[in-house]
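Working notes, structure below.
Number of protein chains: 2
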Amino acid sequence: MSVDTHRTNTGRPLTARGRETRTRIVTAAAELMLDTGVAGTTMEDVRARAGVSSSQIYHYFADKDALVHAVIEHQDETIVGAHESMFAEIDSIDALRRWCAWIVDYQRLGGCSGGCPLGSLGVQVAEVDVDARAGVARALGRWERAIRRGYESMRARGVFDDRADTSALAMSTLAALQGGLLMAQIQRSTTALEASLDAVVRHAELLAAQSVV
Amino acid sequence: MSVDTHRTNTGRPLTARGRETRTRIVTAAAELMLDTGVAGTTMEDVRARAGVSSSQIYHYFADKDALVHAVIEHQDETIVGAHESMFAEIDSIDALRRWCAWIVDYQRLGGCSGGCPLGSLGVQVAEVDVDARAGVARALGRWERAIRRGYESMRARGVFDDRADTSALAMSTLAALQGGLLMAQIQRSTTALEASLDAVVRHAELLAAQSVV
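So the protein sequences, as listed, match chains A and B.
Take 1 as the starting number for the first sequence in full-length UniProt numbering and just add one per residue.
Take 1 as the starting number for the second sequence in full-length UniProt numbering and just add one per residue.
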């Protein structure tokens, strides 16, 4: 999957105004897919929500698959981009704990609906669109690397010793987050998400205590 | 959601043969929903896969929603039922480690496709069918309790001391499993699932070591 955000579906370059219209369509599609799922979202729903004409939406996106790919790229930029910025600042267990608390608060504010916009999209496309699945897989890989940099900062600052496997820690942290968000979405409660993220912090604390010994 | 597996859609009791036909339809639907998603599965697909007539399928299920609810109940019985049996035997960290290895092997054998049949169904229905979502939430609750009994056995055998919160441990274990399965499905690799389940075992080991001190 490779979506050129600066071209129409036939490869023509976009004007500034064209880019703005395209962004409005992708944002509307992302919101609808979060609210009612990928399958529950039609091109007509997106067209109406974005306030564009039929010819406009098809000018940018040949079909719904193209729109799904653009939404995945949008969520990659938005969500993974935000976590990249956050983890660039995480270099202590306290900072990790604040990140976990922020995630829980954010879910609570949203009534635990929607789950992770990327993970949820991934589950919905995984068995039906190999390119979309690969796009979400790449975004998850980027997310893992962002988290790993946080753990590497902690190791560099002596929070952990060299036995700490920062790559495995990053993967298990992202899995704990994804599983916690999935359970929050289904159970409409942050209880399991809190337990899952607490275990991440507790695990880091135990590793840190072990490093001090 | 309450599905009576011994009645037709109009509430008439089923004969032994009727129950067999109903089971065949639900199994076919469960397989198709795992392969192509809930939205990608039509009543006609299920009818053809189960080898029944149109009037037969509608005799048991008024519509696709009814079929989705029956599939959730089927996965609850099958998957959560299996994990209840497994966790009744898990009373040591070695046994927990064997369960994790079994999960990873099972995913690898299936090429990491499908994810968790329950978690994946939950994500697909969460925003569009409140009864189906509640059904998956109940199944996840039952799954949590099964895992908790394993941790309680470990605590009773002195693996952990009384500081171990078996309820939180069970929730974080199920979240680690769900997140690991989601990442396996999307990345078509067991690497993150292994890291996620290793963290569960490692966390239990660190708690056990702390209990010995």
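Note that beta-carbon positions come from the ideal geometry of N, C-alpha and C, so glycine has one too.
Everything numeric in this text was worked out from a predicted model, so none of it was measured.
(message) Between the alpha carbons of B:Ala184 and B:Ser113, how many angstroms are there, rounded?
(response) Approximately 8 Å between the Cα atoms of the pair.
(request) Using a Cβ cut-off of 8 Å, pull out every chain A residue sitting near B:Ile186, in sequence order please. (result) Within chain A, the residues near B:Ile186 are Gly119, Gly122, Val123, Ala126, Arg133, Val136, Ala137 and Leu140.
(message) Using the three-state DSSP reduction, which class does A:Arg12 fall into: helix, strand or coil?
(response) A:Arg12 sits in coil when the DSSP states are folded into three classes, being neither helix nor strand.
(request) Can you tell me the Cβ-Cβ gap for A:His59 and A:Thr8, rounded? I've got them flagged as a contact below 8 Å. (result) The beta carbons of A:His59 and A:Thr8 sit about 6 Å from each other, so the pair counts as a contact at 8 Å.
(request) For B:Arg7, write down the residues that DSSP places opposite it in a beta bridge. (result) Paired residue(s): B:Pro13.
(request) To the nearest angstrom, report how far apart B:Gly57 and B:Val71 are at their CA atoms. (result) Rather than Gly, the amino acid found at residue 57 of chain B in this sequence is Ile. Those two C-alpha atoms are separated by around 14 Å.
(message) Please tell me whether B:Met43 has its Cβ less than 8 Å away from any Cβ of chain A.
(response) The beta-carbon of B:Met43 is placed no less than 8 Å from the nearest beta-carbon of chain A.
(message) Below 8 Å on C-beta distance, what does A:Gly150 contact in chain B?
(response) Chain B residues near A:Gly150: none, gap ~16 Å exceeds 8 Å.
(request) Look at the alpha carbon of B:Ser172 and the alpha carbon of B:Arg202, and state the distance between them as a whole number of angstroms. (result) Spanning the two alpha carbons is a distance of roughly 13 Å.
(request) Spatial neighbours of A:Thr190 within its chain, please: CB distance less than 7 Å, with the 5 preceding and 5 following residues excluded, ordered by chain position. (result) Only Val104, Gln107, Arg108, Cys112 and Ala184 meet the Cβ criterion.
(message) Can you find the residues in the same chain that come closer than 7 Å, C-beta to C-beta, to A:Leu32, ignoring five residues on each side of it along the sequence?
(response) Once the five neighbours on either side are set aside, the close Cβ partners of A:Leu32 are Thr41, Asp45, Val46 and Arg49.
(message) Once the 5 residues before and after B:Ala146 are set aside, which same chain residues still bring their CB inside 6 Å of it?
(response) Apart from the 5 residues on each side of it in sequence, B:Ala146 sits with its Cβ closer than 6 Å to the Cβ of His83, Glu84 and Phe87 in its chain, given in chain order.
(message) Taking 8 Å as the cut-off, does the stretch 117–124 of chain A touch the stretch 136–143 of chain A (at least 3 CB pairs, one atom from each stretch)?
(response) When C-beta atoms of the stretch 136–143 of chain A are compared with those of the stretch 117–124 of chain A, three or more pairs fall below 8 Å, so the two segments count as touching.
(message) When you compare the CB of B:Ala28 with every CB in chain A, is at least one pair closer than 8 Å?
(response) By this cut-off, B:Ala28 is not an interface position.
(request) Please say whether B:Ala170 and B:Arg148 have beta carbons closer to each other than 8 Å? (result) Less than 8 Å divides the Cβ of B:Arg148 from the Cβ of B:Ala170.
(message) My output table needs one value for A:Ile57: the three-state DSSP class, helix, strand or coil.
(response) In the structure shown, A:Ile57 sits in a helix (DSSP, three-state: H, G or I).
(message) With a threshold of 8 Å between beta carbons, is A:Met86 in contact with chain B?
(response) Interface flag for A:Met86 against chain B is unset, since no Cβ pair is found closer than 8 Å.
(request) With a cut-off of 8 Å on the beta carbons, I'd call A:Leu207 and A:Leu177 a contact; round off their distance for me. (result) Not a contact, Cβ separation roughly 18 Å.
(request) Tell me, to the nearest whole angstrom, how far the beta carbon of A:Asp76 is from that of A:Leu118; I am working on the premise that it is less than 8 Å. (result) Going by Cβ atoms, the distance from A:Asp76 to A:Leu118 rounds to 7 Å, so yes, they are a contact pair.
(message) With the cut-off set at 8 Å, would you say A:Ile90 and A:Glu205 are in Cβ contact?
(response) Against a cut-off of 8 Å, the Cβ pair of A:Glu205 and A:Ile90 comes out as no contact.
(message) Please return the same chain residues whose Cβ sits closer than 8 Å to the Cβ of A:Arg24, not counting the five positions on each side in sequence.
(response) Excluding residues within five positions, the ones whose Cβ falls inside 8 Å are Ala50, Gly51 and Val52.
(message) Going by C-alpha to C-alpha distance, which of B:Leu96, B:Ala209, B:Ala192 and B:Glu73 sits closest to A:Thr166?
(response) The candidate whose alpha carbon is nearest that of A:Thr166 is B:Ala192.
(message) So, with DSSP's three-state summary, where would you put B:Thr78?
(response) Three-state DSSP puts B:Thr78 in a helix.
(message) If I measure Cβ to Cβ from A:Ala62 and keep anything under 8 Å in the same chain, skipping five residues before and after, which residues do I get?
(response) Hits under 8 Å: Asn9.
(request) Quick one: which residues of the stretch 162–174 of chain A get their C-beta closer than 9 Å to a C-beta of chain B? List them in chain order. (result) Within the stretch 162–174 of chain A, Asp165, Ser167, Ala168, Leu169, Ala170, Met171, Ser172, Thr173 and Leu174 place their CB atoms closer than 9 Å to a CB of chain B, listed in sequence order.
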